Amino acid sequence: MDSSRFLFFSGKGGVGKTSMAASTAVQEAERGRKTLIVTTDPASNLADVFETEIGHRIAPIPGAPNLWAMEIDPDQATIEYKEKILGPMRGIFPSDVIAVVEEQFNSPCTTEIAAFDRFVKFMDNPEFDLVIFDTAPTGHTIRLLELPVNWSDFIDLSAKGSGQTCLGPVQAIQESKAIYDKAIAELRNPEATTFIFVVQPEAVAIGETERSVAEIRQLGVKSIELIINGILPEEVCEDPFFRSRWEMQQRHLQEIGRRLDLPTRRMFLQDEEIKGIEKLRRTGQMLMEETALNERGNHDRVSA
Numbered sequence: 480m481d482s483s484r485f486l487f488f489s490g491k492g493g494v495g496k497t498s499m500a501a502s503t504a505v506q507e508a509e510r511g512r513k514t515l516i517v518t519t520d521p522a523s524n525l526a527d528v529f530e531t532e533i534g535h536r537i538a539p540i541p542g543a544p545n546l547w548a549m550e551i552d553p554d555q556a557t558i559e560y561k562e563k564i565l566g567p568m569r570g571i572f573p574s575d576v577i578a579v580v581e582e583q584f585n586s587p588c589t590t591e592i593a594a595f596d597r598f599v600k601f602m603d604n605p606e607f608d609l610v611i612f613d614t615a616p617t618g619h620t621i622r623l624l625e626l627p628v629n630w631s632d633f634i635d636l637s638a639k640g641s642g643q644t645c646l647g648p649v650q651a652i653q654e655s656k657a658i659y660d661k662a663i664a665e666l667r668n669p670e671a672t673t674f675i676f677v678v679q680p681e682a683v684a685i686g687e688t689e690r691s692v693a694e695i696r697q698l699g700v701k702s703i704e705l706i707i708n709g710i711l712p713e714e715v716c717e718d719p720f721f722r723s724r725w726e727m728q729q730r731h732l733q734e735i736g737r738r739l740d741l742p743t744r745r746m747f748l749q750d751e752e753i754k755g756i757e758k759l760r761r762t763g764q765m766l767m768e769e770t771a772l773n774e775r776g777n778h779d780r781v782s783a
């Protein structure tokens with residue numbers, strides 16, 4: 480994680496993915512790295528976590544020098560993508576041709592590729608030292624990354640067929656091919672990109688994360704880490720109910736170590752919401768401490 484230029488945070492809803500991504504962003508910005516955090520999750524609460532307006536534009540985060548954020552609006556991103564393709568065609572082709580192309584855009588795939596197109600631009604932008612992607616829940620993220628993986632074959636097959644795709648006419652998107660190919664190469668480069676799964680120590684989450692890790696590996700992503708969030712501190716578990724929950728979590732931590740042989744950081748359950756720069760800063764510091772880091776597969780000890 481420390482040297483990567485791109486960090487992708489993923490996980491199912493409600494595991495604390497956004498707060499972990501935002502805490503990491505604050506920590507890295509304070510280390511002097513010009514950092515951008517982008518969310519591709521339509522249900523993101525990134526603005527709430529930072530306690531400031533963000534929206535569909537790059538916005539500086541007050542109180543955090545070197546840190547900017549953006550919430551990608553899927554609808555607006557789709558409009559921008561369509562205009563990117565259609566704009567150069569207007570005034571050159573007749574209206575009936577434009578109408579046919581517009582019809583090709585009426586597909587759910589257009590919205591997904593528009594979101595991918597948007598964050599590819601960030602991956603191709605040298606302005607930032609670090610770009611953190613707070614992604615949609617894991618299944619959606621994997622579908623998004625699968626779209627351009629076989630990009631060359633897709634372009635070639637479309638060119639031999641109708642020449643029309645949900646991304647637009649093949650001729651109009653050829654120039655994007657090199658940029659998309661570069662983004663895929665960056666995703667697969669372990670020195671450039673790290674994919675971080677945020678998980679809580681629960682039985683269902685372990686199996687889901689194990690499947691997601693396998694799918695990400697099939698896409699060629701090599702650098703993968705875990706953050707186990709919401710661990711109960713033993714010292715507050717004297718009550719029988721909480722003691723039982725703590726023991727259950729300890730069993731699941733052991734299982735995570737056996738089934739997911741990945742570098743892992745641990746975050747204890749906090750007694751307050753993680754929101755606002757100061758709390759994000761403290762959480763980021765705890766997350767990066769040596770005591771929060773486990774070696775691959777080693778979960779025998781959970782220390783405060």
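End of the sequence shown sits at 783 in the working numbering; the numbers just go up one at a time, nothing left out. Idealized CB from N, CA, C, for every residue including glycine. Quick caveat: nothing in here was measured; it's all calculated off a predicted structure.
Stretch pair the region 564–579 + the region 529–546: three plus CB contacts closer than 8 Å: Too few Cβ pairs lie closer than 8 Å, so no.
Of the residues D740, E509, R730, the one placed nearest D608, counting alpha carbons only: Nearest C-alpha to D608: E509.
Three CB pairs or more closer than 8 Å across the region 485–505 and the region 674–685: The region 485–505, when compared against the region 674–685, does touch it at the 8 Å Cβ threshold.
Exposed unless 16 or more other CB atoms sit within 10 angstroms - verdict on G736: With at least 16 other beta carbons inside 10 angstroms of its own, G736 counts as buried.
Simplified DSSP state of P567, which is helix, strand or coil: In the structure shown, P567 sits in a helix (DSSP, three-state: H, G or I).
Exposed unless 16 or more other CB atoms sit within 10 angstroms - verdict on F720: Answer is exposed; the Cβ neighbour count stays below 16.
Member of L698, S482, I710 whose CA lies at the smallest distance from the CA of G511: Taking G511 as reference, the option from L698, S482, I710 with the minimal CA-CA separation is S482.
Contact set for R738: own chain, Cβ-Cβ below 6 Å, skip 5 residues either direction: Hits under 6 Å: E689.
Residue range of the beta strand (DSSP E) that includes D575: Note, D575: premise wrong, no beta strand (DSSP E); alpha helix (DSSP H) at 574–583.
Exposure of E606, with buried meaning 16 or more beta-carbon neighbours within 10 Å: Exposed is the call here.
Simplified DSSP assignment, three categories, for A538: In the structure shown, A538 sits in a strand (DSSP, three-state: E or B).
Cβ-heavy atom distance, E689 to the ligand ZN, below 7 Å: You won't find the ligand ZN in this model; it holds no ligand whatsoever.
Assigned secondary structure, T788 (DSSP; H/G/I helix, E/B strand, else coil): Nothing in the structure corresponds to residue 788, since the chain is present only between 480 and 783.
Among I706, E665, L515, E559, the one whose alpha carbon lies nearest that of Q679: Nearest Cα to Q679 within the set I706, E665, L515, E559: I706.
Residue nearest to V683 in terms of C-alpha spacing, selected from Q697, L732, R667: Ranking Q697, L732, R667 by Cα distance to V683 puts L732 first.
Distance between S723 and E694 (C-alpha atoms, nearest Å): Separation of E694 and S723 (C-alpha to C-alpha, rounded to the nearest whole angstrom) is 33 Å.
A615 and D554 closer than 8 Å at C-beta: No.
Inter-stretch contact (C-beta, 8 Å, three-pair minimum) for the region 492–509 and the region 750–759: The region 492–509, when compared against the region 750–759, does touch it at the 8 Å Cβ threshold.
Nearest-angstrom Cβ-Cβ length linking F747 and I703, presumed shorter than 8 Å: Not quite, the Cβ-Cβ distance comes to about 23 Å (not below 8 Å), so this is no contact.
Simplified DSSP assignment, three categories, for Q643: Note that Q643 scores 49 on pLDDT, short of 50, meaning its location in the model is unreliable; the coordinates nonetheless yield the value given after this. Correct three-state label for Q643: strand.
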